Ligand SMILES: CC(C)(COP(=O)(O)OP(=O)(O)OC[C@H]1O[C@@H](n2cnc3c(N)ncnc32)[C@H](O)[C@@H]1OP(=O)(O)O)[C@@H](O)C(=O)NCCC(=O)NCCS
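In the working numbering, the protein residues as written are 1 to 193.
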């Protein structure tokens, strides 16, 4: 995966040690981590281990979750990108598209923007055949992002550790190409959504 990508409002880039303080501040907010990991606010140590784990992911796979920086201010706004959902063995082997946005920026379309850029990279740069996305069934905002960027609901399952209901969405490379063709026709003809 490319080390850095820009969207209209975001710079998606590799993590640096300078991000640790800002990320720890974001992940210390319980509303943000409710549907992440074990569902509790991250301690500074949790954030540190998350960063180490994701650094190893980048080294092993050559792609991963990017740090999402707001172009306007340079502030860290969360993460976007691709990860390997090894925590859910029934979907493996798989690559997951995911997002997390700092609470003051919720509802501005940032996850949708970063999610689309992540799909472009998954299918155009990495040439993956399929991407999945997984959320808790009551994480309505995340499910809505999956729908907005064109993933389809595949099935529900239970979380292997806590039994909670999970939604699995997916998109194939063919679906991605079809959506891109339809979008090109829309733009060429000046049709609005
Ligand atoms: C999920 C998350 C990344 C969404 O980020 P965001 O930048 O606010 O998302 P967007 O603005 O692109 O889109 C959110 C959509 O969900 C909708 N939404 C949000 N809360 C909702 C709710 N309670 N009920 C129904 N729809 C809701 C928004 O209206 C929007 O849809 P719309 O554009 O059709 O109106 C953000 O809420 C977050 O960081 N949550 C905590 C971390 C997390 O759960 N990550 C995902 C793990 S699977």
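Just so you know, even glycine gets a beta-carbon here, dropped at the ideal spot from N, CA and C.
None of these values were measured; they are calculated from a predicted model.
| Check | Outcome |
| --- | --- |
| Alpha-carbon spacing of residue 69 relative to residue 180, whole angstroms | 26 Å |
| Top-ranked residue by Cα proximity to residue 115, from 8, 11, 15 and 146 | 146 |
| Proximity test, residue 144 beta-carbon vs ligand 1 heavy atom, cut-off 6 Å | yes |
| As assigned by DSSP and simplified to three states, the class of residue 98 | strand |
| Supposed close pair residue 136, residue 35 - CB separation, criterion 8 Å | 5 Å |
| Any non-hydrogen atom of ligand 1 within 6 Å of residue 50 CB | no |
| Enclosing alpha helix (DSSP H) for residue 185 [first to last residue] | 173–189 |
| Counted within 10 angstroms of its Cβ, other Cβ atoms place residue 15 as buried (16 or more) or exposed | buried |
| The stretch 87–105 touching the stretch 124–133, judged by at least three CB pairs closer than 8 Å | yes |
| Any non-hydrogen atom of ligand 2 within 6 Å of residue 54 CB | Among the ligands modelled here, namely ligand 1, ligand 2 does not occur. |
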